[in-house]
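A short write-up of the structure that comes next.
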Amino acid sequence: MKEMQELESSNRNKVIIGVLAAVGIAAGIYFAFGTSGTGEPEVAHRLMIVADRTVDLHAYTAELGFEAVGGSFEAWQDQIVEQEEGYDDPGEVDLQAMLAFADRFGYGFVVVEEPQRFELASLGLEFSTDAALGHQDPASIPDRVRFGVISIGDFAGPHVLTTELSGRDVHEGARDVEVGTGAKALRALFAQPELAPTLDAQSPSTATQTLRLKLLHAIEALEKNERLELKAAGFADREREQIEAIEVRGSSQRAVPLVHALEGASVFPLADGRMLVRSTQARPKLRRDELAVEFAPLYTYSAIPAGAPAQVDARVPCPEFMGGGGPRRELARFEVSAAGDALFLLDDYGEGQLFAFDPSDPSLGACGLRSVAKYALSEHTDSYFSVHRRGVATRDVVDGALVVDVVDPEGNTTRLGAGLQADNSSSLIWLDDEGRRVGVLVDFEDDTEALAVLDRQHPERVLLVPLADPGDPELNPWSREIQRIPGTDEAPAFVYRWYINEVDYALTRVDLGRPWAAIEAELFGEESPEKAGGDELPETALAPTTATVPLETITWTPVLNQDSHIRGYAIHPRGDRVAMTVEGDLGVDVAVVPLPARGAEPGPRRLIIDDALEHREVAFRFGTGEDPSADLLSFRTRLRLEVEGAYLFVAHAAPAAP
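Have a look at this one:
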C-alpha cells in the first residue's frame, strides 16, 4: 500500500489525518455486508475515526500502535465525495457510506464519537446484541457514551458495537470515575472480539500474540488505566477517612467536617450564627493514562442555619443567592464584613456587587443575603478590598502615594487621604460600627510604620497611629496585619501581628484610650463634626493634612506569652479571645488565647488542633451563646490527595474551648 499525505477539505476546513490506502476505487459503494467484507482484507489494528470533538484521538491511538486515520464527520463526507463516484454533494454521504468506505480500504474498526446521534439501528445492518459479551444494542445506546466502535468487513458477521461501558468491569466504584477520552476509546476498542484476546499474555495463538506485540503499548495503557480506576474507585472513601480523623486536642472529640467527600469549601460566619458555605466538588479522572483530579467549574452556595449543629448534613442550599452558585474562574473577590452583616463579590470583569445580610426576610432563603448595590470596578480588580454594610473600601499604592477609595451603596466614590506618600500598604479595616473611618497599615520611606486612619467626613485628613516595639520605640516592628477589637468605638483598640524575627510573630493589643472624636479634636485643633454616618461626602482634597497620635498615649499589651509563628488570626465577636493558626512541630495548628484587657497579663495559649496537617482561615461562629464552651471555630484544612500535586481545602468545625 502507498501512503497518502494529509488530506484537507478545502470547502469546510475539516482535516482527515493519518495513513490512508491509495488504491483504485471502482464506481459505486457496496452497502450490503455479509459475513465477509469487500475490497481489501480487514486489518485488526487499522482504525477509521469519526470524531468532531476529540480531534487528536488518531494521534493518541497511533502512538500506541494502531494505524489510525482521523477526521470529523464532515471531513469524511468531503473525502468520500472526492474519491467515490455517484455523489454530487457531501450531504449525501451518511454513516452507512462511511462504513462501506472503511470496508473497501481494509479498516478493521470504525471509531465513532457520540454514536447516539447516528441512529445505528435504522441503518439496516445486522448487529450482535449479546449483552453478556458486552455487545451494545445500537437501539439503546446510553446518553453518557462517548465512543462506539463498530467492527467492519471480515469482522462483521454480524457487526459488533462496543462502547466504553463494555469490556472488563474493573471495580464497582470505578463507574463513578471520570474517564478521559483516550481511556474511553481504548476500553471500547479492546472490548471487540477481535482485539479482546490480545489482553491474554498466555494466549496459545500465534496470530493473537503477533497482534498483541503490535498493540503492546495500547494494552499497557489500558491495563494502567484499569489499575488507576481501581485506585480511584476508593478515592472518596480514603479522603473521607482523612477529614473525619482530625482530633481535638485534650478531648475525645473530633473536628466535625462541614463538607462532603471530595468537596472543597470555605466557610464564612454570618452575624446571627448561620454559616455561609462556598464549595466546589472534585472528582478523580483518568486523563491520557494518568490519574488526575478535576474540579467542577462552578461554586455552589449553602448555609448552616443559626442554631443548627455545625455539620455537613445541616447545610441548606441557597438558590436565592446568586442562583445558588457561579463560575469559579470568574470570581476575583469574595469578602465578608468583620461584623458578618455584609458581603462583597467582584468578578474578573470588574463587576462588583454588595449584599446586606437580612435574617428577617424569609424570601432571601437560607443565606439571607440581599443585593443592595452593583459597581463597575474594572480598575480595581487587583486591589485589596474591605467590606462594610455602608460601602466597599479599596486600597493600593500608586507612584509612591496611598490610594484608598470608598464606594457607598449609591455608587458615590470618595478618595481618602489623597497624596499621602507611602512605600507600601497592608491590611484595610473599618474602624467603627457606623462605617465612617477606615484604617490602613502603611510603610514610610524612613522604615517607620503606622496605622493611617482615614475619615469619610474629612477625606483630606490622615490621622497616623505609630506602630513601634513597645520595648524599644526606635525599632520598627514590621507589622503585617491589624484587626479591630469589636465593640471598641468609645475607646479604639486593635490587635496587630508583627515580626519579632525572621521566624516568629507577636500579637499585640493596641489601645488608644479615647474616642476618635476626642483624639481628632485635640490633634487637628477643632471638634470633629458629627454628620449622621457620613451621608454627605465632600470632595477629595488634593493633599492630606496629617497628624500623629503621641506614642506615650498609646498602650501596648502583649496577647501571647510565648513566641509563635502565627499564620493568621481572628478575634471573637465578644472581643474576649483570639483564635489563630500557628506553625507547630509537624503542621500548622489551631489555637485559642484569651484577649487580655488593656495593660493586663497575657493568658495561656491553648492548642485546639495539633497534628501534621496544614490548617488555615480560622474564624469564630457568631451567636453561639455566652458560655465559652458553647463557642465554635471553623477552619480550613489542606489535604494532599493521592495524585501528585493535587490537594483539597476542606472545612471543619471544632469547639473553641474543649
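Numbering-wise (this note's numbering), the sequence shown opens with residue 284 and increments by one.
A virtual CB, placed ideally from N, CA and C, is assigned to each residue, including glycine.
Keep in mind that this is a model prediction, so the values were computed, not measured.
Taking the beta carbon of residue i as the centre, do at least 16 other beta carbons fall within 10 Å, making it buried, or is it exposed?
i: alanine 895; result: exposed
i: tyrosine 632; result: exposed
i: isoleucine 529; result: buried
i: aspartate 846; result: exposed
i: valine 871; result: buried
i: proline 833; result: exposed
i: arginine 521; result: exposed
i: leucine 626; result: buried
i: glycine 1030; result: Residue 1030 cannot be examined here, being either before or after the span of the chain that is shown, 284 to 941.
i: alanine 800; result: exposed
i: arginine 904; result: buried
i: glycine 348; result: buried
i: alanine 484; result: exposed
i: serine 405; result: exposed
i: isoleucine 869; result: The question names isoleucine, but residue 869 in the sequence shown is leucine. Leucine 869 is exposed by the Cβ-count criterion.
i: alanine 414; result: exposed
i: glycine 651; result: buried
i: glutamate 884; result: exposed
By Cβ distance below 6 Å, which residues in the same chain neighbour residue i in space, the five residues on each side in sequence not counted?
i: aspartate 624; result: Ala554, Phe640, Arg672
i: proline 588; result: Arg557
i: phenylalanine 807; result: Ala830
i: arginine 899; result: Thr864, Arg919
i: threonine 836; result: none
i: phenylalanine 401; result: Leu378
i: leucine 699; result: Val687, Leu737, Pro742
i: aspartate 578; result: The identity of residue 578 in the sequence shown is phenylalanine, whereas the question assumes aspartate. Thr563, Ala565, listed in sequence order.
i: lysine 657; result: Gln636
i: serine 620; result: Val670, His671
i: alanine 929; result: Val576
i: alanine 934; result: Leu541, Val542, Ala548, Val550, Arg919
With DSSP as the reference, identify every bridge partner of residue i, one or two as the case may be.
i: leucine 915; result: Pro938
i: isoleucine 765; result: Tyr779
i: threonine 791; result: Tyr779, Pro841
i: histidine 226; result: Since the displayed the chain opens at 284 and closes at 941, residue 226 lies outside it and no answer follows.
i: valine 745; result: Leu737, Thr829
i: tyrosine 852; result: Met863
i: phenylalanine 578; result: Ala565
i: arginine 653; result: Ala639
i: threonine 697; result: Val689
i: asparagine 265; result: Coverage of the chain is limited to positions 284 through 941, which leaves residue 265 absent and any answer about it impossible.
i: phenylalanine 430; result: Glu396
i: methionine 558; result: Pro552, Ile587
i: threonine 446; result: Gly431
For residue i, which residues from the same chain have a beta carbon less than 8 Å from its beta carbon, with the 5 sequence-adjacent residues on both sides left out?
i: isoleucine 768; result: Ala776, Phe777, Val778, Arg792, Ile854, Gly858, Leu878
i: serine 488; result: Pro480
i: alanine 815; result: Residue placement at alanine 815 is poorly supported in this model, since its pLDDT is 33, which falls under 50; the coordinates are not used for a value here.
i: alanine 471; result: Val394, Phe430, Gly431, Val432, Thr445, Thr446, Glu447, Ser449, Gly450
i: serine 646; result: Glu603
i: glutamate 897; result: Gly870, Val871, Thr920, Arg921
Give every residue of the same chain whose Cβ lies closer than 7 Å to the Cβ of residue i, excluding the five residues on either side of it in the sequence, and list them in chain order.
i: leucine 714; result: Arg720, Val721, Gly722, Val736, Arg767, Pro775
i: threonine 464; result: Thr337, Leu340, Arg429
i: aspartate 787; result: Asp846, Ser847, His848
i: histidine 543; result: Val595
i: glutamine 492; result: Ser486
i: glycine 417; result: Thr445, Ser449, Gly450, Ala474
i: valine 599; result: Ser585, Ala586, Pro588, Ala649
i: proline 270; result: Residue 270 cannot be examined here, being either before or after the span of the chain that is shown, 284 to 941.
i: phenylalanine 727; result: Ala705, Asp706
i: proline 692; result: Leu637, Val655, Ala656, Gly674
Got a sec, what are the start and stop residues for the beta strand (DSSP E) residue i sits in?
i: phenylalanine 807; result: Phenylalanine 807 -> not in any beta strand (DSSP E); alpha helix (DSSP H) instead, spanning 799-807.
i: arginine 470; result: It is not in any beta strand (DSSP E) - arginine 470 instead sits in the alpha helix (DSSP H) that spans 464-472.
i: arginine 678; result: 674-681
i: arginine 329; result: 326-333
i: arginine 616; result: 614-619
i: arginine 889; result: 889-892
i: threonine 489; result: From DSSP, threonine 489 is part of no beta strand (DSSP E) but of the alpha helix (DSSP H) over 489-497.
i: aspartate 630; result: 625-630
i: tyrosine 370; result: Looking at the DSSP string, tyrosine 370 is not in any beta strand (DSSP E), and its letter there is neither H nor E.
i: glycine 928; result: It is not in any beta strand (DSSP E) - glycine 928 carries neither H nor E in the DSSP assignment.
Just reading off the alpha helix (DSSP H) that residue i is part of, what are its end residues?
i: aspartate 386; result: 378-387
i: arginine 521; result: 518-526
i: aspartate 361; result: 356-366
i: leucine 685; result: Careful: leucine 685 lies outside any alpha helix (DSSP H), inside the beta strand (DSSP E) at 684-690.
contact_flag[the stretch 485-504, the stretch 367-381] where n(CB pairs < 8 Å) is 3 or more: no
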